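Okay, structure first, notes after.
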Amino acid sequence: MLESGKINSRQAIWLMITLVVATAGVYAPVVAVNAARQDAWLSVIFATLAALLIAWMIVRLILRFPGKTIFEIPELVLGKVPGKIIAFLFVLWLIHIEILVFSEFGNFMLSSVLPGTPMVVNDVVAAVMIAYITRNGLEVISRFNGLFLPFFLFSMTFLALLAFKDMESTRLLPVFDDGVATIMKGSAAQIAWLGEVIVLAVIIPYLNKPGRALRVAFLATLVSGFIMTLNVVYPLAIFGPDLTASFFYPIYSAVRLISIANFLERLEAIPVVIWIAGGIIKVCILRYAAVLGAAQCLGLEDYRPLVLPVGAVVVAGSLHMYQDVTVTAAFVSDVWPFYALTFEAGIPLLLLVLAMARGLGSKNKGTDL
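Take the sequence shown: its position 228, counted from the start at 1, is 307 in our numbering, and no numbers get skipped.
Put into structure tokens, the structure is as follows:
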């Protein structure tokens, strides 16, 4: 194996939660509200249920081929050439997500936090940190995340409690006002966000107890879905659907309104810090998965030499592919759901069906809940 380290179930769950929710708070609320208005929170709940099916499918596929990752299984199912092509496409897709995450946070910093700082400066600083953490392996990424996620959960809970006085449940009504079809439409992007649990298909072989992979996948998906639902309800209950949809960053805008006795205010630095820290850890997870996959596809004995070159590609891509917040938001809303679900659900489903039809791999599910 290219990775000698092992992580436990709790660390894996925390990694998957950070992977999904780190960026979901940036664009997910406005994307959901634009599509489903006040029913956006129902879209996220439906998306969570759909994502549980994706998680089940991914775990079943990986455990059918013990010790193999999503980059190695296509070759076993489809043959050497088609399998290598699919594996490389997965690697490129992961790198593309990295570019998208860099662009999301670069545009956010440029438009809302540090308008006078060139995006390349922020990107290079983040890239250096990500390269250092990723080169130290999965266990180190997990330890960093173990420090971040409790702070993230505490901070968001703290901010939500402070903003509770400004929330009105009537802004979430009427329910089902535009019908089920609108809710389903609003769930597409949310399923794609939650579907990033596909990265678990890289991590399962490095769990100290792979048989608990289904528990890991389900808990991570449910917790992530709950947090994403709150991310939508939070600004929606404060601003209502029309005003929420008009913001690029509705959670950031909602936090800026917090003022307790004219003393406790100007708290928008908190979401900035947790979004940046979460984004860095998310890219570390994606970078680790991408370079591990590339090393497996190329037959390399070590993935570490690939960390910096991939980082350079990501920085260059983020500076040229999504130079404006409107372009990034449009891609996330209109293109990303169908593009992402091809890799998160379409290809894994194809591989699982073919493996079952041909009797490939182990029929022992090897899971326990």
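The C-beta atom is built at its ideal place from N, Cα and C for all residues, glycine as well.
Predicted model, so just to flag it, every value in this text is computed and none were measured.
Q: Give me the Cα-Cα distance between D381 and R214, rounded to the nearest whole angstrom.
A: As a first step, residue 381 must be located in the sequence shown, where it is residue number 302. As a first step, residue 214 must be located in the sequence shown, where it is residue number 135. Their backbone Cα atoms lie some 10 Å apart in a straight line.
Q. Taking three-plus beta-carbon pairs below 8 Å as touching, is the region 412–430 in contact with the region 258–271?
A. yes
**Q.** Start-to-end residues for the alpha helix (DSSP H) that takes in P108
**A.** Locating residue 108 in the sequence shown gives position 29, where the first residue counts as 1. Its alpha helix (DSSP H) spans residues S88 to A115.
Q | Buried versus exposed call for I317 [16 or more other C-beta atoms within 10 Å across all chains shown] | A | By 1-based counting over the sequence shown, the position of residue 317 is 238. Answer is buried; the Cβ neighbour count reaches 16.
Q | Sufficient close CB pairs (3 or more, under 8 Å) joining the region 149–157 to the region 433–443 | A | These segments touch.
Q: Please look up how many angstroms separate the CB atoms of L433 and M136, rounded, as I've assumed it's under 8 Å.
A: Translated into positions along the sequence shown, residue 433 becomes position 354. Translated into positions along the sequence shown, residue 136 becomes position 57. Contact flag wrong, Cβ pair sits at about 13 Å.
(Q) Taking the straight line between their C-alpha atoms, what separation do you get for G104 and V311? (A) On the sequence shown, residue 104 is found 25 positions in, with the first residue counted as 1. On the sequence shown, residue 311 is found 232 positions in, with the first residue counted as 1. Going by the C-alpha atoms only, they are around 8 Å apart.
Q.
Below 8 Å, how does it come out for the region 418–430 and the region 193–202: are there three or more Cβ pairs, yes or no?
A. no
Q: Name the residue from S88, L238, I176 and V109 whose alpha carbon lies nearest to the alpha carbon of L460.
A: One cannot answer for residue 460 here, as it falls past the ends of the chain, which runs 80 to 448.
Q) Less than 6 Å between the CB of T102 and some heavy atom of the ligand ADP, yes or no? A) This structure lacks the ligand ADP, and indeed carries no ligand of any kind.
Q. Which same chain residues, not among the five before or five after L61, have their C-beta less than 7 Å away from its C-beta?
A. The requested residue 61 does not occur in the structure, where the chain is confined to residues 80 to 448.
Q: Alpha carbon to alpha carbon, how far is V370 from Y211? Give it in angstroms, no decimals.
A: Position 132 of the sequence shown, counting from 1, holds the residue named residue 211. Position 291 of the sequence shown, counting from 1, holds the residue named residue 370. Rounded to whole angstroms, Y211 to V370 spans 14 Å at the Cα level.
Q.
Comparing C-alpha positions only, which one of G319, V160 and A111 sits nearest to L377?
A. Counted from its first residue, the sequence shown places residue 377 at position 298. When only C-alpha atoms are compared, the closest one is V160.
Q) So the alpha helix (DSSP H) R383 belongs to, where does it begin and stop? A) By 1-based counting over the sequence shown, the position of residue 383 is 304. Taken as a continuous stretch (DSSP letters only), R383 belongs to no alpha helix (DSSP H), as it is neither H nor E.
Q. I209 and I359: beta carbons closer than 7 Å?
A. The residue labelled residue 209 in the question sits at position 130 within the sequence shown. The residue labelled residue 359 in the question sits at position 280 within the sequence shown. In contact: I209 and I359 (Cβ atoms closer than 7 Å).
Q.
Once DSSP output is grouped into helix, strand and coil, what is the label at S303?
A. The residue given as residue 303 occupies position 224 in the sequence shown. Note: S303 maps to helix in three-state DSSP.
**Q.** Whole alpha helix (DSSP H) elements within the region 115–184, 4-residue minimum
**A.** 119–143 and 152–157
(Q) Among the candidates I124, T300, I353 and K264, whose CA atom is the shortest distance from the CA of A114? (A) To locate residue 114, count along the sequence shown from 1; it is residue 35. With distances taken between Cα atoms, A114 lies closest to K264.
Q. Quick one, are the C-beta atoms of A373 and A134 less than 7 Å apart?
A. For the purposes of this step, residue 373 is identified with residue 294 of the sequence shown, where counting begins at 1. For the purposes of this step, residue 134 is identified with residue 55 of the sequence shown, where counting begins at 1. Contact flag unset, no.
Q | Simplified DSSP state of S441, which is helix, strand or coil | A | Here residue 441 corresponds to residue number 362 of the sequence shown, with the count starting at 1. Of the three classes helix, strand and coil, the one that applies to S441 here is coil, per DSSP.
Q | Option nearest V392 by Cα separation, candidates A409, L228, V404 and R366 | A | Here residue 392 corresponds to residue number 313 of the sequence shown, with the count starting at 1. If we check each option's Cα against that of V392, R366 comes out closest.
Q) Grouping DSSP H, G and I as helix and E and B as strand, with all else coil, what is E79? A) Because residue 79 is not part of the residues shown, which for the chain are 80 to 448, the question remains open.
Q. Leaving out the 5 sequence neighbours to the left and right, which residues in its chain are closer than 6 Å to I165 when beta-carbon positions are compared?
A. Here the question's residue 165 lines up with position 86 in the sequence shown. Closer than 6 Å at Cβ, skipping near neighbours: P153.
**Q.** Cβ neighbours of V110 in the same chain (closer than 7 Å, five flanking residues each side left out)
**A.** On the sequence shown, position 31 is the one that residue 110 refers to. A268, V411 and S412.
Q | Exposure of I339, with buried meaning 16 or more beta-carbon neighbours within 10 Å | A | Position 260 of the sequence shown, counting from 1, holds the residue named residue 339. Flag for I339 reads exposed.
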